[in-house]
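According to our numbering, the sequence shown is numbered sequentially starting from 507.
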Amino acid sequence: MAVLVNKNSKVLVQGITGKNGQFHAQQCLAYGTKIVAGVTPGKGGELFAPQEGGSAARGHPEGIDGIRQGTSQPSGAADPKLPKSRPVPIFDSVEEAARKTGATVSVIFVPAAFAMDAMVEAIEAGMELVICITEGIPVLDMVRVKRYLDGKPTRLIGPNCPGIITPGECKIGIMPGYIHRKGNVGIVSRSGTLTYEAVWQLTERGLGQSTCIGIGGDPIIGTGFIDALQLFEQDKQTKAVVMIGEIGGTQEEEAAEFIRKHMKKPVFAFIAGQTAPPGRRMGHAGAIISQGSGTAASKVEALKRARAHVIPSPAAIGETVVKKLKR
């Protein structure tokens, strides 16, 4: 049954009238996601009418207003074969949208300066799942969001992430849907690009995915590796998990301890940044090594001790998983 989202998930889009919101809402609708509402303050009562062929918006390739611009097609252009979707009602608030449409999942495509308020609004409205795609959110804003989440039933994915997809059922985010294939390998990753790489290698070798979760590369995020591993361990459809970490922070070491104690399913792990020169910062805000901790070597060692299958190169992810699972 995969995890967190499926064909029945009802999704609303915060920022659906912005360029990124328009473009990716169109792509998600074309994939089959049940987007039942949009939210843009001041535009309640209007309709979001996707254009045939998915040409509602074309984002700048380097991102606009603090929102990472993902690609749903290799060139960033829309697929002319995408069907025309029905209009989506727009509301002034998340609370009103949820109450009138039954939406339980929100995806956020608003600029970084407004992302904290958007997340708080979605949490306050009782959304079960909130996915924040926006990058460049100030750390102090995320500290406030995390504190506000305490004791609430809402699960947050992101920020600065590609989103989540259950292949063949529901795509919520900026990932290219066509590379995914329904199957039984769960993927959780701090890197959007490496998520796509792992998915493509598995799909090319005939292995599909149960659910793929991009948890984001910022220092403070919602759902972490342990949360995702726990979900995959409990999911009957998932038979193995691919975990993609990177240098900086201690998430991977903590996940290794969880794997050692609780995971019965095989876990395949790759750590990005193994060849980064000392002192060099990677692109993600969370990929910062401090005082010798958070190195690739320490993460790899912890994962090996946990009996995870550590993959030395991103080029070998698919090949390694296929070989181990077919034994």
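From the three backbone atoms N, C-alpha and C, an ideal C-beta is built for every residue, glycine too.
Identity of the residues DSSP links to residue i by a beta bridge
i	result
residue 669	679, 720
residue 735	In DSSP, residue 735 forms no bridge with anything.
residue 553	595
residue 638	614
residue 775	749, 816
For residue j and residue i, the rounded distance between their alpha carbons
i	j	result
residue 557	residue 520	19 Å
residue 514	residue 801	41 Å
residue 682	residue 705	10 Å
residue 607	residue 552	15 Å
residue 561	residue 830	Only weak support exists for where residue 561 lies, its pLDDT of 44 falling under 50; the value from the coordinates is given anyway. Cα-Cα distance, rounded: 42 Å.
residue 644	residue 623	12 Å
residue 609	residue 631	10 Å
residue 548	residue 758	43 Å
residue 577	residue 618	Caution applies to residue 577, whose pLDDT of 40 falls short of 50 and renders its modelled position unreliable; the model cannot decide the point.
residue 743	residue 509	9 Å
residue 754	residue 641	18 Å
residue 593	residue 540	12 Å
residue 735	residue 650	26 Å
residue 724	residue 828	30 Å
Cβ-Cβ separation, residue j to residue i (assumed contact under 8 Å), whole Å
i	j	result
residue 614	residue 636	7 Å
residue 664	residue 738	Actually they are not in contact, since the Cβ atoms of residue 664 and residue 738 sit about 18 Å apart, beyond 8 Å.
residue 750	residue 697	6 Å
residue 517	residue 611	5 Å
Check: residue i C-beta below 6 Å from any heavy atom of the ligand FAD
i	result
residue 735	Ligands are entirely absent from the displayed structure, and the ligand FAD is therefore not among its contents.
Kindly provide the ranges of any beta strand (DSSP E) runs that are 3 or more residues long and lie completely inside the stretch 584-632, ordered along the chain. 594-597, 611-614
Three CB pairs or more closer than 8 Å across the stretch 672-688 and the stretch 724-733: no
Kindly confirm or deny that the stretch 696-705 and the stretch 646-660 touch, where touching means at least three C-beta pairs closer than 8 Å. Contact fails: fewer than three Cβ-Cβ distances are below 8 Å.
Is there contact here, the stretch 599-610 with the stretch 619-637, by at least three beta-carbon pairs under 8 Å? yes
Check whether the stretch 717-725 and the stretch 661-669 are in contact - that is, three or more C-beta pairs closer than 8 Å. yes
Determine contact between the stretch 817-827 and the stretch 764-782, defined as no fewer than three beta-carbon pairs at a distance below 8 Å. Contact between the stretch 817-827 and the stretch 764-782 is present: 3 or more CB-CB pairs across the two stretches fall below 8 Å.
Kindly confirm or deny that the stretch 752-769 and the stretch 803-816 touch, where touching means at least three C-beta pairs closer than 8 Å. yes
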